[in-house]
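Trainee: Have a look at this one before I ask anything.
4 protein chains.
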Amino acid sequence: MQAQILFQNPLGEPTVPERVPEMDAILGKTFRVLDKGHIRVIDYMGTDASIVQAARVSYGKGTKTPSDDESLIRYLMRHRHTTPFEMCEIKLHIRIPMDHWRQWIRHRTASVNEYSTRYSEAIEDKQLTLDYQWRKQSQDNKQGSEAFLNAEGLGFDLSQGEENLHRLAQSEYDRRIRLGVAREQARKDLPLSTYTEAYWKIDLHNLMHFLSLRTDPHAQLEIRTYAEVLGNQILARWLPMTWRAFYDYRLQARTFSRQEMEVIRKLMDRPTVGLQDNGDLLQSLPSQRERQEFLAKLQGK
Amino acid sequence: MQAQILFQNPLGEPTVPERVPEMDAILGKTFRVLDKGHIRVIDYMGTDASIVQAARVSYGKGTKTPSDDESLIRYLMRHRHTTPFEMCEIKLHIRIPMDHWRQWIRHRTASVNEYSTRYSEAIEDKQLTLDYQWRKQSQDNKQGSEAFLNAEGLGFDLSQGEENLHRLAQSEYDRRIRLGVAREQARKDLPLSTYTEAYWKIDLHNLMHFLSLRTDPHAQLEIRTYAEVLGNQILARWLPMTWRAFYDYRLQARTFSRQEMEVIRKLMDRPTVGLQDNGDLLQSLPSQRERQEFLAKLQGK
Amino acid sequence: MQAQILFQNPLGEPTVPERVPEMDAILGKTFRVLDKGHIRVIDYMGTDASIVQAARVSYGKGTKTPSDDESLIRYLMRHRHTTPFEMCEIKLHIRIPMDHWRQWIRHRTASVNEYSTRYSEAIEDKQLTLDYQWRKQSQDNKQGSEAFLNAEGLGFDLSQGEENLHRLAQSEYDRRIRLGVAREQARKDLPLSTYTEAYWKIDLHNLMHFLSLRTDPHAQLEIRTYAEVLGNQILARWLPMTWRAFYDYRLQARTFSRQEMEVIRKLMDRPTVGLQDNGDLLQSLPSQRERQEFLAKLQGK
Amino acid sequence: MQAQILFQNPLGEPTVPERVPEMDAILGKTFRVLDKGHIRVIDYMGTDASIVQAARVSYGKGTKTPSDDESLIRYLMRHRHTTPFEMCEIKLHIRIPMDHWRQWIRHRTASVNEYSTRYSEAIEDKQLTLDYQWRKQSQDNKQGSEAFLNAEGLGFDLSQGEENLHRLAQSEYDRRIRLGVAREQARKDLPLSTYTEAYWKIDLHNLMHFLSLRTDPHAQLEIRTYAEVLGNQILARWLPMTWRAFYDYRLQARTFSRQEMEVIRKLMDRPTVGLQDNGDLLQSLPSQRERQEFLAKLQGK
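Residue numbers (this note's numbering), protein chains in the order written: chain V, 1 to 301; chain Y, 1001 to 1301; chain L, 2001 to 2301; chain X, 3001 to 3301.
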């Protein structure tokens, strides 16, 4: 075997993989989420430069200044050339209530090792809801919640009831274990608020997909909190160019349907563009709901 | 567009896909599992003949009698030519406690639509454990259980405790809903024994992988019960040739390590083969545990 | 086993899966593509109603008229609720030059059985380029092509050269086979234009992703031709509601970046909206290239 | 954000990921394969210890000596607990003829960036077959090859023909490019022996699946050569404990069907085990082919 470099990478490919000092500084550290949850970065592979390097294998070799790198990353993001983003990988240690883990695990393109309550006794921590944290059912969004329940004493009573329930659930679990019931069966009535832990490994492309769904205002508050830590605290440190491009072309981008594009195009031909003067155009949208969605996008909501 | 048949399939490819009468007879019907769970077949695509058809595209055209079809399917199974088995697909409606659904959903290569407790109120049913159904922690298998707890009155007390816990959990849930707490938050303390429902669609190759893991004696009793219905009641009806081959070459097959193969080969050269006379050979296996595993395989356990 | 229907589906779930007569009419028929390629539908699972059915498991039960079904499908498409679309599946028989199959196969979420040139002799057909079919390298798009080479006699010469090359490649292949060279080695110099065949099975969600990439004007002409048959001839027949929604919310939709949305929002506040009067706003876009892309979207290109 | 370590890993989890010096020593270096191909390691994530770390999250905490680590890895491999192996990742730069890349790319669970012959001119190198390298079609294995064609002058003639074909294909390609034909079209008649390059990233579990299929004696010689470099030169350096376990429990393991296990079990009860004395037992195997396969496994073939 001969250690000859055959392939000349335009970046002057490093023989030792580049690391990101801002990420190395947080490895193993704990970002607390919710009352007893957390996210920790265990390891990562790749940098903004790795994405550029992979893209240049496919799309040809170019110039090499950092500003060119950022342009290329923005180009890839804008045009949904997703494969170079798969070349980065991150491994996290997550601590999260089972209820939200149930949502998390629905993202199938990741590797997972979860704490097993067949092998070990269940984690005792459960997510507590403080008296001012109870949220009202949203009226116009069947799956959502809004504001907080603030009627006199309601929150306090609910939190008290929750505490009693947690206590009873734990004492039943403990009794079963004490009497020799198999752990796999003893756990059957743990509340969904019980914390679990997992190693979770995912590539950057799929991580961004996770983030775009789970930072959405329609995502449940709790998982959104995790997603925001993942984005603002971790991805922003790890891959700053990618993070900026993701923010501009995915998180803050808006998509308009065929019918909406027709409205926009017609608006541009009107002498004045203000929608108050051109309400007739809106009537061509398929439904009242889509008219509201359209206005919300234009108004930056 | 011209409707000309260019490709001559050796099977005389049907213009209407073949159906399996035994499967059509059970479509939409309910196979009960556990106390309140079930499996129902919603739809399926493909027959044993579809596997043969796909294999012959890859591996060439052959003869055409039914016995040849079965030979080919057995050959594919034996030699792990897995892609033709991906050509069949099944869609099921599952009703299962969340605890076991947590295990089920770890199989990532399937499509899932689960009943949403954000959109709708949670299903009230919870899995009940009758007094004679409590299982003891296994001593030699950290994740398992064995026999049943039969000490005087223990099972009865445990079931009583479980019932109280279910009642309290349900009444807290109901109170939250009544007071206007968002469904997505009200559900947070539901016990894992709460039933959920899902549509679950998977291809045959991945279904067999699921079955080989979940019918294993080390799988948890509850999910094993579902897996056995899937195998014996559904797969056996749907694809009888594939089911027989799967049984012979996967479920009932045994794998021997490099070291175990050396022992077997040496045994074959000994004048007498009884392991009692050849215990010295066993010493070459790496550990006491592997010696036990080896003997268990030979003894058909 | 008891054949009791436990689950009341709002649609009055059929015990025999619904079929689509327009699809049954084309099963096994051949849609010709390129000079010697084709697409044939072998089988399919699911209808527009299956998507609705799966969505209602997740998102709750609603009303039941056909117009409600279409609204729900449009809602799912618009808000990227993708899992119900995974509940439909299609199996195709594709005949395509290896060159374009190389692009096709990059879509990983499909099941494939390809004709094996290790088991069987290679298909003799090769894609021919007629004299007026040679395309010029695009100047502003590194990966594209445009117009046709029409200089005097050039196309004719090129087609002549191609024919000679095909003849030599085939005669070398035939000689190798005749002399007993293994098929797996004899094929090594077949031109990429050699036709191959495959069974290709994919779910609807991933099929639409394939279509959105491969019907794009930047996709190569040849694979675009296949994608257009898949969309216009097959998907439009199979799932007309889904096809219309896909057309409006995906194929003909346009996405605007954070910066572009700011321009649009500011335009709406200007007294006149014509971009000729508001060129200053365009300057806030990151680059000349993005200014062009923005205008192209507004102008419906 | 607070940098507190909440989770006590039994291994005393490192804050800087462990590296493998033997791997760092070969990063970016070239392992030549075939006449002009190669494999280079670009980056990797994880060590044998990472697998242990992930397994202990799931399966509980244990002891911590290196020998315990190796036992645990062997246990995981033996019992197909595959998820901890997904926690390691490797990124390679592959240079390989398109013919064999066609086989490689069939492994769908990897990330790929391939050199694009739409963006750039095709690589000129083509795989050459020397006169003694032509292989005969296997008689008993439809997809295989064996020995070498050694009849007088045959190999020389074949290699001569190959060279002519390569020359003509290249000169047609060059002419098309020179006349302005789009690169995406000019490439259409490149021989399959043309080299391509790609970045290929895969997790360890899927890499081992690749290796178990592609180091098999039934795999084509060329891709087997790549697989052997991947195993012996790269995986053996990267994860020595995993490599040894993979060798013992996967590569050199043998699986026996239900019927074969019955024969083995009966053999063990006979006074002598030699198959020559117990040929009657073999008759219970389903076919002559399976009898041969059974003997081959026992004889270590």
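Each residue gets a CB set at the ideal place from its N, CA and C atoms; glycine is no exception. All values derive from a computational prediction rather than experimental measurement.
1. Among V:Q252, V:H100, V:E124, V:L192, which has the Cα closest to the Cα of V:R224?
2. Are the C-beta of L:Y2075 and some C-beta of chain Y separated by less than 7 Å?
3. X:G3180 CB to nearest chain L CB: under 7 Å?
4. Mind pulling the chain Y residues with CB within less than 7 Å of V:G214?
5. Shorter than 7 Å from the beta carbon of V:T242 to some beta carbon of chain L?
6. Check the Cβ-Cβ distances between V:E162 and every residue of chain X, and say whether any is below 7 Å.
7. Can you name the start and end residues of the beta strand (DSSP E) that X:F3156 belongs to?
8. Rounded to a whole number of angstroms, what is the C-alpha to C-alpha distance between V:A3 and X:G3231?
9. Alpha carbon to alpha carbon, what distance is there between V:I26 and V:D35?
10. Checking the sheet assignment: what are the DSSP bridge partners for X:I3073?
11. Rounded to whole angstroms, what's the CA-CA distance from L:Q2259 to V:A245? Just pull it up for me.
12. For X:G3144, count neighbouring C-beta atoms within 10 Å of its own C-beta (all shown protein chains included) and say buried if the count is 16 or more, exposed if not.
13. How far does the alpha helix (DSSP H) with L:P2021 in it reach, from first residue to last?
14. At least one CB of chain Y closer than 7 Å to the CB of X:G3279: is that the case?
15. Can you list, in chain order, the residues of the stretch 3080-3100 of chain X whose Cβ is nearer than 7 Å to any Cβ on chain V?
16. Who are the Cβ neighbours of Y:W1243 in its own chain at under 6 Å, not counting the five residues just before and after it?
17. Quick check on DSSP: helix, strand or coil for V:K297?
18. Tell me where the beta strand (DSSP E) around L:R2040 begins and ends.
19. Taking 7 Å as the threshold (beta carbon to beta carbon), is Y:Y1119 in contact with chain L?
20. Whose Cβ in chain L lies nearer than 8 Å to the Cβ of Y:E1114?
21. In chain order, what residues of the same chain have a beta carbon less than 7 Å from the beta carbon of L:D2024, not counting five sequence neighbours either side?
22. Looking at C-alpha atoms only, which residue of Y:E1022, Y:E1184, Y:Y1119, Y:E1222 is the closest neighbour of Y:D1048?
23. For L:T2063, decide whether its Cβ has a neighbour in chain X, counting only Cβ atoms nearer than 7 Å.
24. Relative to chain Y, which residues along the stretch 2022-2049 of chain L have a C-beta separation below 8 Å, given in chain order?
25. Mapping the DSSP letters down to three states, classify V:E184 as helix, strand or coil.
26. Consult DSSP for V:F31 and reduce its assignment to one of helix, strand or coil.
27. Between the C-alpha atoms of Y:R1187 and L:M2045, what's the straight-line distance to the nearest angstrom?
28. Distance cutoff 7 Å, beta carbons only. Does Y:M1261 sit that close to anything in chain X?
29. In terms of residues, what are the limits of the alpha helix (DSSP H) holding L:K2266?
30. Could you tell me whether the Cβ atoms of V:R250 and V:S212 are closer together than 7 Å?
31. Determine the extent of the beta strand (DSSP E) in which V:W200 is found, giving its start and end residues.
32. Just to confirm the assignment, what range does the beta strand (DSSP E) spanning V:H93 have?
33. What are the start and end residues of the beta strand (DSSP E) that includes L:E2228?
34. Could you name the residues of chain V that L:I2264 contacts, counting a contact when the two beta carbons are closer than 8 Å?
35. Pairs of beta-carbons, one from the stretch 1076-1085 of chain Y and one from the stretch 1192-1211 of chain Y, closer than 8 Å: are there three or more?
36. Determine the chain Y residues that contact V:I105 at a beta-carbon separation under 7 Å, and present them in chain order.
Mentor: The answer reads as follows:
1. When each option's Cα is compared against that of V:R224, the closest is V:H100.
2. Cβ-Cβ to chain Y under 7 Å: no for L:Y2075.
3. For X:G3180, the answer is yes, since a Cβ of chain L falls inside 7 Å of its Cβ.
4. Looking at the sequence shown, residue 214 of chain V is not Gly but Arg. Simply none; closest approach about 14 Å.
5. False, the Cβ-Cβ gap to chain L never drops below 7 Å.
6. No, V:E162 does not count as interfacial toward chain X.
7. Looking at the DSSP string, X:F3156 is not in any beta strand (DSSP E); the run it does join, the alpha helix (DSSP H), is 3154-3178.
8. Only weak support is given to the placement of V:A3: the predicted model assigns it a pLDDT of 31, under 50, and the question is left unresolved by the model.
9. Going from the Cα of V:D35 to the Cα of V:I26 covers about 21 Å.
10. Under DSSP, X:I3073 forms no beta bridge with any residue.
11. A direct Cα-Cα distance of roughly 11 Å separates L:Q2259 from V:A245.
12. With 16 or more Cβ atoms within 10 Å of its Cβ, X:G3144 is classed as buried.
13. Run containing L:P2021: 2021-2024, per the alpha helix (DSSP H) assignment.
14. Contacts with chain Y at 7 Å (Cβ-Cβ) do not include X:G3279.
15. Against chain V - using a Cβ distance shorter than 7 Å - the residues of the stretch 3080-3100 of chain X are T3083, P3084, E3086, M3087, E3089, K3091, H3093.
16. Hits under 6 Å: L1235, A1236.
17. If DSSP states are grouped into helix, strand and coil, V:K297 belongs with the helices.
18. L:R2040: member of the beta strand (DSSP E) spanning 2037-2045, first to last residue.
19. Yes, its Cβ sits closer than 7 Å to a Cβ of chain L.
20. Those are V2057, S2058, listed as they occur along chain L.
21. Closer than 7 Å at Cβ, skipping near neighbours: no residue.
22. With distances taken between Cα atoms, Y:D1048 lies closest to Y:E1022.
23. Residue confidence for L:T2063 is low, a pLDDT of 49 falling below 50, so the modelled location carries little weight; the figure read from the coordinates is stated next. Not closer than 7 Å to any Cβ of chain X, the Cβ of L:T2063 fails to qualify, so no.
24. If you check each beta-carbon in the stretch 2022-2049 of chain L against every beta-carbon of chain Y, the ones closer than 8 Å belong to D2024, I2026, L2027, G2028, K2029, T2030, F2031, R2032, H2038, R2040, I2042, D2043, Y2044, M2045, G2046.
25. Collapsing the DSSP output to three states places V:E184 in a helix.
26. Here V:F31 sits in strand by DSSP.
27. Cα-Cα distance, rounded: 34 Å.
28. Taking CB atoms only, Y:M1261 has a neighbour in chain X less than 7 Å away.
29. For L:K2266, the enclosing alpha helix (DSSP H) starts and ends at 2258-2269.
30. Contact annotation: V:R250 and V:S212 have beta-carbon atoms nearer than 7 Å.
31. For V:W200, the enclosing beta strand (DSSP E) has its first and last residue at 195-203.
32. Per DSSP, V:H93 belongs to the beta strand (DSSP E) from 89-97.
33. Careful: L:E2228 lies outside any beta strand (DSSP E), inside the alpha helix (DSSP H) at 2221-2228.
34. The CB of L:I2264 comes closer than 8 Å to the CB of I264, L298 in chain V, given here in chain order.
35. The answer is yes - the stretch 1192-1211 of chain Y touches the stretch 1076-1085 of chain Y, with three or more Cβ pairs under 8 Å.
36. Here the neighbours are I1105.
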